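Q: Numbering-wise, this note's numbering puts 1509 at position 155 of the sequence shown, and it's gapless, one number per residue. The C-beta atom is built at its ideal place from N, Cα and C for all residues, glycine as well. Computed from a predicted structure; not experimentally measured. One structure follows; several queries about it will come next.
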Amino acid sequence: MNTFVSLYWSTVGRKFWTALTGLCLVAFVIVHLVGNLTLFMGNQAMNDYAYFLETALHGGLRPFGELALLVLFGGHACTALSVTLQNRRGRNQAYVVSRPAGGRSHQTLSSRTMVVTGLILLAFLVLHVAQFRFGVGFEWHVTAESADSAHPVRDVYRTVVEAFHTPLWMGIYLFVMVLLGYHLRHGIWSAFQTLGTITTPLRRGLFILGALLAVLLALGFLVLPIYVFSMVDPTGPFQSVPSTLGGAR
């Protein structure tokens, strides 16, 4: 146990876990975007997807997934900040590898601002969860057909439409999704490099692949609020009613 803890908190161990948790979070972002694309299919499709997440594995998928994400996000943030602070104390410079072994530097704006963009993304995540998971700031609605049932289904689609027709929230969302793209642009390539999967012949290809994936993910999330704001009527019609229960369902 002591050996594992020592390895985890070593510089190499923390960099390894930062990279591994980062790639796991990239996978989550991809899945999350695919789920959010049900927005284009309308009210019923998005609420059905939300209901599936709520009830899958007899209701066990959601708490398990939330716990796993808490560990991933928390672990990634803690190890990344720890390595960054250690590097700054030791070299009095930001978390950037100026001359990586085996090739030229891929220092970019995204690599120089990883800590800043990461902290902003973390703060946004807290706000995002509060609004879309717990309904903070929005009236709680459930679908009309489930209002009188033992398991009322939240109208997630309505919450999304209301949020993206709020100029302040839409502006914040668009800004943060651009930062997400910048963060992923360097993070994906850096994670593969840290895990030792990049050889000299693959270096440029994986750098371009990471940048391309980051752009596609950012664009995927950016198009959602733009579509809602420009194409979806904020007054409905919605197939939902106000709930007197509230809460995270």
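Tell me the residue span of the alpha helix (DSSP H) that contains T1409.
A: T1409 -> alpha helix (DSSP H) spans 1397 to 1409.
Q: So is G1550 buried or exposed if we call it buried at 16+ other beta carbons inside 10 Å?
A: Under this definition G1550 is an exposed residue.
Q: Let's test the definition: count the other Cβ atoms within 10 Å of the Cβ of Q1398 and tell me whether it reaches 16, buried, or not, exposed.
A: Flag for Q1398 reads exposed.
Q: Would you mind sorting E1516 into buried or exposed? The rule is 16 or more other CB atoms within 10 Å of its CB.
A: E1516 should be labelled buried.
Q: Relative to the alpha-carbon of V1586, which residue among F1518, V1470, D1509, F1561 has its alpha-carbon at the smallest distance?
A: Of the listed residues, the one whose Cα sits closest to V1586 is F1518.
Q: Look at the alpha carbon of A1568 and the alpha carbon of P1506, and state the distance between them as a whole number of angstroms.
A: Distance between the alpha carbons of A1568 and P1506 is about 37 angstroms.
Q: Over what stretch of residues does the alpha helix (DSSP H) that includes P1521 continue unbroken?
A: 1521 to 1548 is the span of the alpha helix (DSSP H), which, as asked, contains P1521.
Q: Buried or exposed, going by whether 16 or more other CB atoms sit within 10 Å of the CB of V1496?
A: Answer is buried; the Cβ neighbour count reaches 16.
Q: Which one of P1596, L1426, Q1440 has the shortest CA to CA distance from L1479?
A: It is L1426.
Q: In terms of residues, what are the limits of the alpha helix (DSSP H) holding S1464?
A: Residues 1463 to 1466.
Q: Can you tell me whether P1319 is buried or exposed, with buried defined as 16 or more other CB within 10 angstroms of its CB?
A: No answer is possible for residue 1319: the residues shown for the chain start at 1355 and end at 1603.
Q: I need the boundaries of the alpha helix (DSSP H) containing T1365, first residue and last residue.
A: That run of the alpha helix (DSSP H) goes 1365 to 1390.
Q: Report the option in A1404, H1412, V1470, V1530 whose CA atom is closest to the CA atom of H1482.
A: Looking at the Cα atoms, V1530 is the closest of the given residues.
Q: Quick one: Cα of T1392 to Cα of H1412, how far?
A: About 22 angstroms.
Q: Could you check whether the segment 1529 to 1546 touches the segment 1484 to 1492, counting it as contact only if at least three pairs of C-beta atoms, one from each stretch, sit closer than 8 angstroms?
A: No: fewer than three Cβ pairs fall under 8 angstroms.
Q: For P1521, count neighbouring C-beta atoms within 10 Å of its own C-beta (all shown protein chains included) and say buried if the count is 16 or more, exposed if not.
A: Exposed, by the Cβ-count rule.
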